[in-house]
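So the structure is just underneath, and the comments pick up after that.
2 protein chains.
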Amino acid sequence: MRLHPALEYSTRDVLPFRSATLSTRIVHEVREALFAKELRPGDFLGTEKDLAQRFNVSRIVARDALRTLEAQGIVEIKVGSGGGARVASGNARLFAEALAVQLDLTGVSVGEIMEAQRAIESLAAELAAINATPGDHARLRQLVEEAERKIDDVAAYTRCSREFHLAVAEASHNRVLVVQLISLQHVSWPAHNPTLTAEVAHRILDVHRQLAHLIETRDAEGARRLMDEHVQMIAGRRIAEHRGRDAAARDCC
Amino acid sequence: MRLHPALEYSTRDVLPFRSATLSTRIVHEVREALFAKELRPGDFLGTEKDLAQRFNVSRIVARDALRTLEAQGIVEIKVGSGGGARVASGNARLFAEALAVQLDLTGVSVGEIMEAQRAIESLAAELAAINATPGDHARLRQLVEEAERKIDDVAAYTRCSREFHLAVAEASHNRVLVVQLISLQHVSWPAHNPTLTAEVAHRILDVHRQLAHLIETRDAEGARRLMDEHVQMIAGRRIAEHRGRDAAARDCC
DNA sequence: CGGGGTTAAATATAGTATCTTTATTATCGT
DNA sequence: ACGATAATAAAGATACTATATTTAACCCCG
């Protein structure tokens, strides 16, 4: 099978000094080729054996490089005939998890996350009012109705609410905002929603309905302001929940 | 060397079905332990051999898992006596590159990136006006002065400008905003700045000076508005540059 | 002679085992 | 306290077996 031309002559530049390990060199070359547009999603990178020969290393090294590239979402690996490594297309979920891990390791507070989320979602609402298509409008209405039906099932209602926020971001037609919101939700959104009372649920539903309406009537400034306010309310609840959880942990442990 | 207790009994739950590969199972268990706060930065995970024994697999599998965890920034690996895998602390650079790759693979436009950057930086300026310490104020002033000295050296001036924007984000004392800005700059900031004229450079410097002043006088609303306007101006320039580059590519190829 | 489904061969990763080399740290002796 | 030495652990190489997947050959049937 023919290899992608971007890697044809990659061994010509003999390594000046080994930048730590052999596999990192391979990883770097592939990444650079990607940024230089010499590689595009779907391109065939080669098999373990191919890469090993091309870079004049053992298969272990090639394998290490592929593991790293795979973990970074740069390549997809398939086994069997016709298999091997191919350049992946974007994968928001993978990236969202990477951010979640980093935020966890950095030890950021809920407050910091919610502040960022406010910025992202306010802009998303503003742009949604400008860019949303009739299809987006329908989806937002549909999600509001679904949440209304599920208002007594806390878990389902919470999931539905999260979907609504994501749908607003998607209606903005800005994929950066979508990716960023997914990753922040991954960290900030509660799996169970212990402090959700019926009254709060109704208030949230009402805001969502208004948001859908403002977006449909293309009131960008109104949508922005309402979303801003709404996320601040959510932030307050999350921070309070978090303080409660910490207190509970102190009590029981 | 003692292993971290979070991994002591991880083999008790026999695998119900192999979720694709053995190494992914190890990766998942470590990640879950991380999110469950059973593992914290600095904790010792074990050596390749340790992990292999613990999960009852060969060293290659353990190694695959460690390569993946390393690529995701979850662990750091050291060779030699006393070496092995340890849980890493946050690494913004690593994450920024991950976002850059994903945005590249997804094929997002410069416009989308700059919109998101506007949201992030406006909020950063607002929060900087509220949270900045005297040390932050000094750093901002210093960067403005440095840029003033380097105004004739395009590359140095561009670098300095970027530093200023990052310093504002750091002055917000919100680490999420810092991480997000680093990653967006990684994609949007030009290495060379071909359309930067002396007049534009002076105008930018002036805005930076005003921003530093508004942050120092704790005018949150003013800082926010000025930054918003400023990033919109930058966005316009980047988009124009990009169109120019595309046109040039069409002409020469 | 043509089509469709089954089987077999080819291919490539997943995983195992054992080895050498190299980098780093810990230890021990002076 | 310092320097040589031993111990440790990853980096890398080699040669396997097992398993999954696709391609292609084949056979049967219409």
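Top to bottom, those sequences are chains S and R.
Counting in this note's numbering, the first sequence runs from 9 upward without gaps.
Counting in this note's numbering, the second sequence runs from 9 upward without gaps.
C-beta: ideal position from N, C-alpha, C; glycine also.
Being a predicted model, the structure only gives us computed values, none of them experimental.
Fill in: Distance between S/S191 and S/F264 (C-alpha atoms, nearest Å)
Because chain S is modelled from 9 through 261, residue 264 of chain S falls outside the range shown and cannot be assessed.
Discussion item. Since S/A70 and S/V83 should fall inside the 8 Å C-beta cutoff, what is the C-beta to C-beta distance between them, to a whole number of angstroms?
Written reply: 12 Å between Cβ atoms; not a contact.
Worksheet entry | Partner residues on chain R for S/S97, Cβ-Cβ distance less than 9 Å | L113, T114 and G115
Worksheet item: In terms of DSSP beta bridges, what is S/E134 paired with?
Response: S/E134 pairs with nothing; no bridge assigned.
Item to complete: Please list the partners that S/G81 has in chain R, where partner means a Cβ-to-Cβ separation under 9 Å.
Response: A106, V109, Q110 and L113
Discussion item. Taking the beta strand (DSSP E) that S/R94 belongs to, which residues open and close that run?
Written reply: G92 to V95
Discussion item. By the three-class DSSP mapping on this structure, what secondary structure does S/V87 have?
Written reply: coil
Fill in: the segment 182-214 of chain R: positions lying closer than 7 Å to chain S by Cβ
N182, R183, V184, L185, V187 and Q188
Worksheet item: Which residues, in chain order, does the segment 139-155 of chain S contribute to contact with chain R at a C-beta distance below 8 Å?
Response: none
Worksheet entry | Beta-carbon neighbours of R/F43, restricted to chain S and to distances below 9 Å | A108, V109 and D112
Worksheet item: Where do the N-terminal and C-terminal ends of the beta strand (DSSP E) with S/L53 fall, by residue?
Response: F52 to G54
Practice prompt. Please confirm if R/D236 has its CB atom under 8 Å from at least one CB of chain S.
Written response: no
Worksheet item: How about R/I138 and R/R62: do their beta carbons lie closer than 8 Å?
Response: no
Worksheet item: Under 8 Å, do R/I121 and R/L111 count as touching if we go by C-beta distance?
Response: yes
Worksheet item: Within this structure, are the beta carbons of S/V118 and S/H210 separated by less than 8 Å?
Response: no
Item to complete: With DSSP as the reference, label S/T114 as helix, strand or coil.
Response: helix
Practice prompt. Measure the C-alpha to C-alpha separation of R/V22 and S/A206 and round it to an integer number of angstroms.
Written response: Legend: pLDDT at R/V22 = 33, less than 50; position of this residue unreliable, value from coordinates given subsequently. Cα-Cα distance, rounded: 42 Å.
Worksheet item: Is the CB of S/D58 under 8 Å away from at least one CB in chain R?
Response: no
Worksheet item: Just by C-beta distance, which residues in the segment 63-77 of chain R are closer than 7 Å to chain S?
Response: D72, R75 and T76
Worksheet item: Can you name the residues of chain R whose CB is closer than 8 Å to the CB of S/L135?
Response: E123
Item to complete: Report yes or no: is there a C-beta of chain R within less than 8 Å of the C-beta of S/I159?
Response: no
Worksheet item: Using a C-beta cutoff of 8 Å, does R/I128 count as contacting chain S?
Response: yes
Worksheet item: For S/E249 and chain R, any beta-carbon pair shorter than 8 Å?
Response: no
Worksheet entry | Three-state secondary structure (DSSP) of R/E153 | helix
Fill in: chain S residues whose Cβ lies nearer than 8 Å to that of R/L131
E123, A124, R126 and A127
Worksheet item: If you check the beta carbons only, do S/S31 and S/A73 fall under 8 Å apart?
Response: yes
Discussion item. Please state the DSSP three-state secondary structure of S/E40.
Written reply: helix
Worksheet item: In this structure, does DSSP put S/P142 in helix, strand or coil?
Response: helix
Item to complete: Would you kindly work out how many angstroms separate the C-alpha atoms of R/L234 and S/A44, rounded to a whole number?
Response: 34 Å
Fill in: N- and C-terminal bounds of the alpha helix (DSSP H) containing S/A164
V162 to A179
Item to complete: Decide if R/V195 is buried, meaning its Cβ has at least 16 other Cβ atoms within 10 Å, or exposed.
Response: buried
Discussion item. Quick check on S/G54: buried or exposed, where buried means 16 or more other Cβ atoms within 10 Å of its Cβ?
Written reply: buried
Fill in: Range covered by the alpha helix (DSSP H) that runs through S/S2
Given that chain S is displayed from residue 9 to residue 261, the structure contains no residue 2 of chain S and the question cannot be resolved.
Worksheet item: Is there a Cβ from chain S that is less than 8 Å from the Cβ of R/E120?
Response: yes
Worksheet item: In three-state DSSP terms, what is R/D322?
Response: Only positions 9 to 261 of chain R appear in this structure, which leaves residue 322 of chain R out of reach.
Worksheet item: Does the beta carbon of R/F103 come closer than 8 Å to any beta carbon on chain S?
Response: yes
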